[in-house]
Amino acid sequence: MSGIDKDLQCRELIAKAVCGKGHKFSITTHTIIPSQTPSTILGCWVINTNFQAEKVGDAVEVSGTYDVNLWFSFANNTQTEVKRETVHFSVLVPLTFFDKNCRGDLEIVARAVEQPKCIKAELSGGGTITVRVESEYAVEVIGETKVCVVVCNSCDDKEFHLVDDFEDNSDEFDDFDSATLLDELD
Numbered sequence: 008m009s010g011i012d013k014d015l016q017c018r019e020l021i022a023k024a025v026c027g028k029g030h031k032f033s034i035t036t037h038t039i040i041p042s043q044t045p046s047t048i049l050g051c052w053v054i055n056t057n058f059q060a061e062k063v064g065d066a067v068e069v070s071g072t073y074d075v076n077l078w079f080s081f082a083n084n085t086q087t088e089v090k091r092e093t094v095h096f097s098v099l100v101p102l103t104f105f106d107k108n109c110r111g112d113l114e115i116v117a118r119a120v121e122q123p124k125c126i127k128a129e130l131s132g133g134g135t136i137t138v139r140v141e142s143e144y145a146v147e148v149i150g151e152t153k154v155c156v157v158v159c160n161s162c163d164d165k166e167f168h169l170v171d172d173f174e175d176n177s178d179e180f181d182d183f184d185s186a187t188l189l190d191e192l193d
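Under the numbering used here, the first residue of the sequence shown carries the number 8, and numbering increases by one thereafter.
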């Protein structure tokens, strides 16, 4: 065995790491029933999004609520009203990879890559309005996993000398002119 082989050793470290990731684009359709029979849709927007995420099998379920605000006219376009409705949603985000050796309590992190927004609102039969909402979510599963590292045994034999010639009262950087540097970059 060579001297190099004697100096090297492998160790397993347990580290907190991203053990899984996923991403999903979603289009959801909701039916809104206003108090008046609508004549025309004047606008629609989605606000106040709240969501949480949990691991379900080989996926992460992102579920929550948002408010759909629907502005419409009625009575032959002579009056307007805004209908606000809180809508519940659920999106199953498949994990593109997941380390099965991940252990410990899993932390699920979800973020909206694209906040929910209305892409289409149209009159349906019977005085209802169909609203299509698109959104996009990215998720990460964080947990403990093993990492194998190479350890050099001879490191204990070496003496490390730290250079301590830094003076706290040094005026070395007082003459630095950041404006000149910015001019040179332009």
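Every residue gets a Cβ at the ideal spot worked out from N, C-alpha and C, and that includes glycine.
| query | result |
| --- | --- |
| Exposure of S142, with buried meaning 16 or more beta-carbon neighbours within 10 Å | buried |
| Sheet register partners of V116 (DSSP bridge) | E147 |
| Which of helix, strand or coil DSSP assigns to G64 | coil |
| According to DSSP, residues forming a beta bridge with P45 | F81 |
| Whether P45 touches S80 by CB criterion (8 Å) | yes |
| Whole-angstrom C-beta distance between C155 and E19, which should lie under 8 Å | 6 Å |
| For T36, the residue or residues it bridges with in DSSP | R139 |
| C-beta contact flag for V140 and V69 at 8 Å | no |
| Buried versus exposed call for H30 [16 or more other C-beta atoms within 10 Å across all chains shown] | exposed |
| Option in K153, L15, W52 and C159 with minimal Cα separation from A24 | K153 |
| Length of the line joining the Cα atoms of R91 and W52 | 10 Å |
| A22, buried or exposed, once every other Cβ within 10 Å from all chains shown has been counted against 16 | exposed |
| F58, buried or exposed, once every other Cβ within 10 Å from all chains shown has been counted against 16 | buried |
| Per-residue burial, H95 [other beta carbons within 10 Å of its own, 16 or more giving buried] | exposed |
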